[in-house]
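Here's the structure we're looking at; comments come further down.
Chains as they are written, first to last, in the working numbering: chain A, 247 to 417; chain G, 79 to 604.
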């Protein structure tokens, strides 16, 4: 599950022209999931577990009790899959750029990614918080198509992003 | 981010079904935590009822209530269910509920796998309990599954092996989930040495589980092939070595003991500082002590089998390595006492259970040291002294920490305070009942009463009768616990967000009850 970095700083940037704009004056909002495990640490975790499992199961296999080895292999395989799944999410991001008349949305999640451009004058912010117990759903709508944004944000942060976007789009 | 006209990736946040489907399909860590805890409670009453049947039979010498083989089935299933169906699932339930809240994560790293990890357990539980109705009854060779008995039994033995495999798979998936969650989903700023002790102890427990589960899986598979496919790994008649099964089993089994107690250390390390209103004394040393216990747990397995015979050098090695574990364990006990020292103590029910844990677990630890001495162990092997020892570790240790943890976090989970008076009634009945059951067993064991027997010599009668009375006090006092929990779920005084005055940690920054989705954006830890 994606685990977003704190949006508080991001949202403060969104609320502030100076911080939200890049050198060309464009409004850029980027968010990504939080990953506290680095590549090096992932390797360490994997090999520390794999070494113990393989060493013990190989030891027993040498004594003739080889049926432990396939289970150790399966388990290490499952661990490798889990760590690889985490690694594959490291590059996830959402970027929303408002530059001149163009609203550009780019995203990457796992193996999927995409990009959509909208005309600023036609883009509308849609924020759905109607159903109790559910998260707010924030999206940009244009020409009958909705593109969801702010998936790595909390409800509060989505609402603040929605307000900031409305101001930007109307400006 | 997704395009509604094309793929719509909502991460499962926007809809959660109601009714039974909510529980079958849930990927929410709080739901799954609750499922684990309810499963554990049901199994506690199931295996506890077996214990009461065992104690009823032992109230008097001679055979009163049941056939000896059924008695053996009860002792075996009581052990298997208490370990794999009560203690382990309860701690996994705590991990599911608390780890994401404590590290500021929105959920576990692999929520669907988490769902699978839980739902495998009832399947295994049904297999184990269902084996009572199979021809020949349930397994009766002891929870350690030693050959040759385990090779010779009926079809229930195959079913038990399958159940152990399923529970092992559940544990492995749960452990991988916990490790990846703790390491990859910590809130920014929450470095390893800032993690709550409960999270640390579970991280190390999950390492232990992953390291040892293939050994158990391989061992029971070799039993299965010996039983059904003509191999002779452990079958002496075919040149196999039944003693080697004991080595392999305990290579898994002793780390398993720490799998059952390390999360308890974590819970107690959360509770004592809260009610002492002081930070945990020697946090870093607690972390290193936990890791040391885990590492040493791989070097002590043969102390369970001094009586089967081994070279003197091996006896000395396993004796001293076992004694060595007392050092990091002593560090922990010292740190808990030092945390309480000059603290502003109050004695709410979680703290009472935590203090009882420290005192009574230490008794269990000391009797473990007695058993660590090879010459003494040879005398006490398979006597009630061993039964007393491991029940002081697992009942007043693991089970009391579970009670303590439930009272501690129940207001956060339900949003209601539990009834403190009834909680204290539960505590006193439990602690008195527990000691009445298990303390006399030390004397029975020292006097030579063997374990796993339905009948005994006349001189053991009084202590057995005392133990049986204590068992019923302890057993029925758990109904008070059930009532307290149900009452708190149904209503009661509104719990504040922080619940306890001295509580520190991310989980206490959330409302009570904790919302269905929490920390969707990671908090920043200073």
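Each residue gets a CB set at the ideal place from its N, CA and C atoms; glycine is no exception.
In the three-state DSSP reduction, residue 494(G) falls in the strand class (E or B). Assigned with DSSP and collapsed to three states, residue 451(G) falls in coil, not helix or strand. Residue 102(G) sits exposed, since fewer than 16 C-beta atoms from the chains shown fall within 10 Å of its C-beta.
Looking from the CA of residue 550(G), the closest CA among 97(G), 460(G) and 132(G) belongs to 132(G). Taking 8 angstroms as the CB threshold, residue 304(A) stays off the interface with chain G. Beyond the five residues adjoining it in sequence on each side, residue 248(G) comes within less than 6 angstroms, by CB distance, of 195, 198 and 199 in the same chain, given in chain order.
Under the Cβ criterion of 8 angstroms, residue 193(G) is not counted among the residues facing chain A.
Chain-order list of chain G residues neighbouring residue 281(A): 262 and 263, by C-beta distance under 9 angstroms.
Rounded to the nearest whole angstrom, the C-alpha separation of residue 376(G) and residue 303(A) is 13 angstroms. Interface annotation for the region 307 to 324 of chain A against chain G: 311, 313, 314, 317, 318, 321 and 324, criterion Cβ-Cβ distance under 7 angstroms. Closer than 8 angstroms to the CB of residue 299(A) there is at least one CB belonging to chain G.
Under DSSP, the beta-bridge partners assigned to residue 341(A) are 276(A) and 352(A). For residue 259(G) against residue 167(G), the beta-carbon gap comes to about 18 angstroms, at or over 8 angstroms, which does not count as contact.
Taking the C-beta atoms as reference points, residue 217(G) is found nearer than 8 angstroms to residue 151(G). Among the residues of chain G, those whose CB is under 7 angstroms from the CB of residue 328(A) are 188, 254 and 258, following chain order. Interface residue (Cβ-Cβ distance to chain G less than 8 angstroms): residue 371(A) is not classified as such. Residue state for residue 528(G) is assigned as strand, using DSSP reduced to three classes. DSSP places residue 396(A) in no alpha helix (DSSP H); its state is neither H nor E. Rounded to whole angstroms, residue 573(G) and residue 193(G) show a C-alpha spacing of 29 angstroms. Proximity of residue 293(G) to chain A, defined by a Cβ-Cβ separation below 8 angstroms, is satisfied. Residue 309(G) and residue 301(G) have their C-alpha atoms some 9 angstroms from each other. In the same chain as residue 250(G), and ignoring 5 residues on each side of it, the C-beta atoms closer than 6 angstroms to its own belong to 291, in chain order. Here residue 366(A) carries a coil assignment [DSSP, helix/strand/coil]. In the structure shown, residue 382(A) falls within a coil segment according to DSSP collapsed to helix, strand and coil.
Around the beta carbon of residue 579(G), fewer than 16 other beta carbons lie within 10 angstroms, which makes this residue exposed.
A check of alpha carbon separations from residue 296(A) across 322(A), 352(A) and 275(A) identifies 322(A) as the nearest. A straight-line Cα-Cα distance of about 7 angstroms links residue 533(G) and residue 136(G). If you look at residue 537(G), you'll find it isn't in any alpha helix (DSSP H); DSSP assigns it neither H nor E.
Residue 291(A) reaches chain G at 257 and 261, counting residues in chain order whose Cβ is nearer than 8 angstroms. For the 8 angstroms CB-CB criterion, residue 282(G) and residue 183(G) do not form a contact.
In this structure, residue 312(G) and residue 322(G) form a Cβ contact; the two beta carbons are roughly 7 angstroms apart against a cut-off of 8 angstroms.
Listed along chain A, no residue sits closer than 7 angstroms to residue 96(G) by beta-carbon distance, the nearest being about 10 angstroms off.
Contact note: residue 334(G) does not reach chain A at a C-beta cutoff of 8 angstroms; the least C-beta distance is about 14 angstroms. Within the same chain, 187 come within 7 angstroms of residue 262(G) by CB-CB distance, once the 5 residues on both sides are set aside. Distance between residue 543(G) and residue 138(G), taken at the CA atoms: about 7 angstroms. When the beta-carbon positions are compared, residue 329(A) and residue 288(A) come within less than 8 angstroms of each other.
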